[in-house]
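Note that the numbering used here has the sequence shown beginning at 50, numbered continuously upward.
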Amino acid sequence: MDQPTVNLWVKMEPFIVGALQIPPPSKFSMHYLRKMSTYVRIRSSEGYYPYLLWPMWRHIACGKLQLEKDLAWLYFELFDSLLSVDTLQFLLFLYIQQLNKVSLRTSLLGEEWPNPRSRSYSLTGESNNQIKNWNDSYHQEFVQNHLQDLLELLLDPDQLTASSHSTHNSLVSPDAVRALGFLIEGCVNKNRTVHSLHELALWQPLHAKTGYSKISKAFSFPKLESWIRACLTGNPFGTSACLKSGKKLAWGQQAEGATKRAKIACNIHMVPSAHRIVVMSQVYKQTLAKSSRTLEDSHVKIHRCCESFIYLLSPLRSVTIEKCRNSTFVLGPVRTVVHLHGCDNVKVIVVCHHLSLSSTTNCTLHVLTPTRPLILLGNKAITFAPFHTHYPMLEDHMGRTGLATVPNYWDNPLLVCRENYDENVFRLLSPLEFYPFVVPFEMEGDTTEIPGGLPPAYQKAVSQREQRIQIWQKTVKETGLTKDQRKAFQMLVENKFYEWLVQTGSLQQLDSLVLPAAGSKQAAG
């Protein structure tokens, strides 16, 4: 009987959702994480292992690793949104923060990351220096290069030498392999059924290769490492596979005068539900609106979109908005993280679990979130404002993503790496500048108002503005204008309104809301 062929790959979600896009603290090096691994096991009777509680992690992070309390809580909370705080998996989570580590040698040589040996490609096929969190080739390379370290982090202290390294006789427990499943999964004979690493490693026909012994009930370290390396391949459900073999969607129409057509792809037709990806690139001068099964619980990447209004009104898993400008994004509730990178003059309206920003300028965030928004590196002129819109299915979608209206920390952002910022990196929108946002589409559903309402100061500003409008309308009505005067006055108001539409870019959005002609239907998705 032929031996089964196993393919293993690195999961994308821990990197998309879990790897903060900042250089990691120096104390997240292998030296200190090994010491932490030994420390938590030795003190297992005190509740440090196999599950790590916040007081224990705070003691380690603040007392041993010298982290600030806010930063310690940030990593703990971010990991907890991925899964419960399993101690071994938390160690792996801390280790993969090195994905965004800056190489001093590389920066001194003036080389740009990524290097030619590890290029990523945009939807147009051009080399694209994208953020590492979405680059599945980097995920695979990272795990390949650090697999020994990752496995050693999971060993019992008595399996390590005095210098905290493994030996040829070191044994890896099934619990350790189960923890490594946080990063790695696989399939048999290229079948689409996904299996956990733990399940595959313990499969009877593979014992000789994985080094599992029924006597010791553990794995041989060298054999297990060798088996993982031999089976590790590209992620069949990652971004690269989506761009190569995914379904191309024609959600938007070609804008007049545009030289490049919008590129939108998804992998929903070929992957399990937990691996859904939608990638959108180069949407230009369009209003694109979707609420569809394709989007539901998907990781969404929006890339290089310009002068557009994009509505994705479905429950989403994560959203990355990268290198976009002069655009507005209205998103359905996001279960995990919304991240903006390299954007300019962008408005985002969203309910999400986490929000983070890097290298972003002149952007406005209308957000409802139970965690503090993260201001990472390189941001300028950021404005935070309360969430200010609704659509009929919003509260249903919030329930499906586990999001509620309280707590809401939209107005309490966290400056990560505070020494790199001046005091004016962000501001809170003044109530005098605040206007509610209307989603201009009809849908079925029960939500008829902004979930949780507006903060009192903003609600007061809206109410006062409405009162002024009513007074103005009454004044106009009581002026006793003749028919010709009313007509002239109406034309004056309409002309001023048209000028405002042109100046604000709203006219473009209104024009693009016109339904396409019968012969130019958008493709279903």
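In this text, a Cβ means the ideal position worked out from N, Cα and C, and glycines have one as well.
Predicted, not measured: the structure shown is a model, and the values here were computed from it.
Residue i, DSSP secondary structure in three states
{"i": "residue 384", "result": "strand"}
{"i": "residue 425", "result": "coil"}
{"i": "residue 420", "result": "coil"}
{"i": "residue 435", "result": "strand"}
{"i": "residue 413", "result": "strand"}
{"i": "residue 345", "result": "coil"}
{"i": "residue 241", "result": "coil"}
{"i": "residue 338", "result": "strand"}
{"i": "residue 326", "result": "strand"}
{"i": "residue 392", "result": "coil"}
{"i": "residue 111", "result": "helix"}
{"i": "residue 356", "result": "coil"}
{"i": "residue 214", "result": "coil"}
{"i": "residue 62", "result": "helix"}
{"i": "residue 458", "result": "coil"}
{"i": "residue 576", "result": "Because the chain here runs from 50 to 574, residue 576 falls outside it and cannot be looked at."}
{"i": "residue 192", "result": "helix"}
C-beta atoms of residue i and residue j nearer than 7 Å
{"i": "residue 335", "j": "residue 357", "result": "yes"}
{"i": "residue 281", "j": "residue 57", "result": "yes"}
{"i": "residue 343", "j": "residue 66", "result": "no"}
{"i": "residue 383", "j": "residue 401", "result": "yes"}
{"i": "residue 473", "j": "residue 421", "result": "no"}
{"i": "residue 215", "j": "residue 270", "result": "yes"}
{"i": "residue 361", "j": "residue 389", "result": "no"}
{"i": "residue 98", "j": "residue 89", "result": "yes"}
{"i": "residue 77", "j": "residue 182", "result": "no"}
{"i": "residue 208", "j": "residue 220", "result": "yes"}
{"i": "residue 332", "j": "residue 315", "result": "no"}
{"i": "residue 189", "j": "residue 59", "result": "yes"}
{"i": "residue 198", "j": "residue 79", "result": "yes"}
{"i": "residue 200", "j": "residue 126", "result": "no"}
{"i": "residue 447", "j": "residue 494", "result": "no"}
{"i": "residue 432", "j": "residue 374", "result": "no"}
{"i": "residue 524", "j": "residue 444", "result": "no"}
{"i": "residue 287", "j": "residue 119", "result": "no"}
{"i": "residue 254", "j": "residue 87", "result": "no"}
Length of the line joining the Cα atoms of residue i and residue j
{"i": "residue 103", "j": "residue 121", "result": "9 Å"}
{"i": "residue 419", "j": "residue 62", "result": "21 Å"}
{"i": "residue 575", "j": "residue 327", "result": "Nothing about residue 575 can be reported from this structure: the residues present for the chain run from 50 to 574 only."}
{"i": "residue 478", "j": "residue 260", "result": "60 Å"}
{"i": "residue 244", "j": "residue 204", "result": "23 Å"}
{"i": "residue 377", "j": "residue 311", "result": "16 Å"}
{"i": "residue 154", "j": "residue 440", "result": "For residue 154, the predicted model reports a pLDDT of 46, less than 50, meaning its position is unreliable and no value from the coordinates is stated."}
{"i": "residue 113", "j": "residue 498", "result": "48 Å"}
{"i": "residue 55", "j": "residue 415", "result": "46 Å"}
{"i": "residue 218", "j": "residue 272", "result": "10 Å"}
{"i": "residue 138", "j": "residue 229", "result": "7 Å"}
{"i": "residue 193", "j": "residue 248", "result": "21 Å"}
{"i": "residue 408", "j": "residue 294", "result": "31 Å"}
{"i": "residue 512", "j": "residue 246", "result": "57 Å"}
{"i": "residue 345", "j": "residue 403", "result": "18 Å"}
{"i": "residue 107", "j": "residue 234", "result": "31 Å"}
{"i": "residue 83", "j": "residue 503", "result": "48 Å"}
{"i": "residue 465", "j": "residue 241", "result": "40 Å"}
{"i": "residue 369", "j": "residue 387", "result": "6 Å"}
{"i": "residue 397", "j": "residue 457", "result": "16 Å"}
{"i": "residue 162", "j": "residue 452", "result": "Since pLDDT at residue 162 reaches only 32, below the 50 mark, its modelled position is unreliable, and no value is offered."}
{"i": "residue 349", "j": "residue 395", "result": "17 Å"}
{"i": "residue 231", "j": "residue 490", "result": "40 Å"}
{"i": "residue 544", "j": "residue 535", "result": "14 Å"}
{"i": "residue 541", "j": "residue 547", "result": "10 Å"}
{"i": "residue 514", "j": "residue 488", "result": "20 Å"}
{"i": "residue 265", "j": "residue 277", "result": "20 Å"}
{"i": "residue 347", "j": "residue 289", "result": "16 Å"}
{"i": "residue 391", "j": "residue 123", "result": "22 Å"}
{"i": "residue 117", "j": "residue 505", "result": "33 Å"}
{"i": "residue 480", "j": "residue 537", "result": "34 Å"}
Cβ separation of residue i and residue j, assumed to be a contact under 8 Å, to the nearest whole Å
{"i": "residue 437", "j": "residue 485", "result": "5 Å"}
{"i": "residue 318", "j": "residue 339", "result": "The pair is not a contact, with the Cβ atoms about 16 Å apart (cut-off 8 Å)."}
{"i": "residue 423", "j": "residue 459", "result": "Wrong, their Cβ atoms sit about 13 Å apart, outside the cutoff."}
{"i": "residue 483", "j": "residue 430", "result": "Actually they do not touch by this definition, with Cβ atoms about 18 Å apart."}
{"i": "residue 140", "j": "residue 202", "result": "5 Å"}
{"i": "residue 145", "j": "residue 250", "result": "Contact flag wrong, Cβ pair sits at about 20 Å."}
{"i": "residue 71", "j": "residue 426", "result": "6 Å"}
{"i": "residue 363", "j": "residue 341", "result": "6 Å"}
Run through the region 485–540 for me and flag every whole beta strand (DSSP E) of 3 or more residues, listed as ranges in chain order.
Listed in chain order, there is nothing to give.
In chain order, which alpha helix (DSSP H) runs of at least 4 residues are fully inside the region 226–297?
Listed in chain order, they are 246–250, 256–259, 270–280, 288–294.
At 4 residues or longer, and completely inside the region 66–109: list those alpha helix (DSSP H) runs for me, N to C.
List check, alpha helix (DSSP H) in window: 79–91, 103–107.
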